[in-house]
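Accompanying notes for the structure given below.
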Amino acid sequence: MKMTYDVQGKTALVTGSNRGIGKEIVDSFLQHGAAKVYAAVRNLNSAAGLVEQHGDKVVPIQIDLGRPETITAAAATAKDAQIVVNNAGVLRNSTPLAADAIDSLDFEMKINVFGLMQMAQAFAPILEANGGGALVQLNSAASMKCFANFATYSASKAAAYSITQALRELLGQQGTAVLSVHPGPIATAMADAAGLTEIAEPPSLVAEGIVAALKAGDFHLFPDSMAKQVGSVYRSFAENIVEADLTEGQKPTEKDHQKKWRYEEV
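Here you go:
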């Protein structure tokens, strides 16, 4: 069942909001009528430009996904949050054979996966108390296709996508909409670091896509050209498996057989 959500009049919190995709999300939410946005950043001074641009509609708040205590403190402050966008993430260019591969994966898992889980644990009760709301997770096209030059990042995003699927099921029970966003190369510092500058597309595609996807009640968003290519192929699997109401161990029905679903006895 789809849960639609309109950002108009709502209070949002966006991590990593001082630049790139995060900044565009703040701008887009306010342009679409959001009442207030908590600009969650590691360094409060980095949100000064957003405050200058939007005035008191932007409230800087500290969140460092590598420091769980900042997430807890932010949740104690932003008790009126109705939309939480976990945009912040990290990337290291490491292949599985690189000398620093284990360290890279450890760092990326800490921020990209554990950070997501800690954000969800801290803000799920707040979203429920405020009528359900919405949780938006910035994953990646790399969560579905591993790229060897930044394989550890791809692995961390695949794990984050898996956790996002679980959050969709769990938070749906409290009336919280969950959106998993899967951009391809977007014109940010992260794309530059990955060597994707020449094919990167504007971050506004992601921000505007989030607003539209929430309103439509979608779970997946593929906002740019490369992402849409992935999404067009992935859509059938997503609808029939990821977004389907499957019960572990359930016996197949005649309808299931018609769909050619296979179940194996264990």
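Counting from 1 along the sequence shown, just add 81 to a position and that's the residue number in this note's numbering. Think of the CB as a built atom: it goes at the ideal place given N, C-alpha and C, for glycine as much as any other residue.
By how many angstroms is the C-alpha of residue j removed from the C-alpha of residue i?
i	j	result
residue 264	residue 186	20 Å
residue 223	residue 266	10 Å
residue 154	residue 171	22 Å
residue 338	residue 315	For residue 338, the predicted model reports a pLDDT of 46, less than 50, meaning its position is unreliable; a value from the coordinates is still stated below. Straight-line Cα distance between these residues: approximately 21 Å.
residue 220	residue 262	5 Å
residue 139	residue 269	22 Å
residue 298	residue 323	15 Å
residue 235	residue 195	15 Å
residue 232	residue 327	30 Å
residue 98	residue 320	31 Å
residue 242	residue 136	34 Å
residue 84	residue 178	42 Å
residue 259	residue 291	11 Å
residue 209	residue 180	44 Å
residue 213	residue 127	30 Å
residue 147	residue 123	10 Å
residue 252	residue 216	9 Å
residue 163	residue 313	31 Å
residue 89	residue 117	10 Å
residue 114	residue 87	9 Å
residue 255	residue 288	25 Å
residue 325	residue 227	24 Å
residue 144	residue 247	23 Å
residue 109	residue 284	11 Å
residue 277	residue 271	9 Å
residue 119	residue 165	9 Å
residue 112	residue 296	15 Å
Tell me whether the beta-carbon of residue i lies closer than 8 Å to the beta-carbon of residue j.
i	j	result
residue 106	residue 168	yes
residue 198	residue 240	no
residue 218	residue 245	yes
residue 121	residue 142	yes
residue 225	residue 152	no
residue 317	residue 282	no
residue 302	residue 294	yes
residue 249	residue 300	yes
residue 193	residue 237	yes
residue 211	residue 176	no
If you follow the beta strand (DSSP E) that residue i is part of, which residue opens it and which one closes it?
i	result
residue 121	117-122
residue 142	139-143
residue 107	Looking at the DSSP string, residue 107 is not in any beta strand (DSSP E); the run it does join, the alpha helix (DSSP H), is 101-112.
Within 8 Å of any Cβ in chain C, is that where the Cβ of residue i sits?
i	result
residue 248	Of the chains in the structure shown, none is chain C; there is only one protein chain.
Going by the DSSP bridge assignment, what does residue i pair with across the sheet?
i	result
residue 218	167 and 261
residue 46	Because the chain here runs from 82 to 347, residue 46 falls outside it and cannot be looked at.
residue 267	282
residue 301	261
Which residue marks the beginning of the alpha helix (DSSP H) containing residue i, and which one marks its end?
i	result
residue 155	149-158
residue 210	196-210
residue 245	232-253
residue 315	306-318
residue 190	182-190
residue 133	129-135
Any 3 or more C-beta pairs closer than 8 Å across the segment 171-191 and the segment 128-140: Because the criterion of three Cβ pairs below 8 Å is not met, the segment 171-191 and the segment 128-140 do not touch.
Three or more C-beta pairs closer than 8 Å, one from the segment 155-164 and one from the segment 87-100: is that the case here? Taking 8 Å as the limit for Cβ pairs, the verdict is that the segment 87-100 does touch the segment 155-164.
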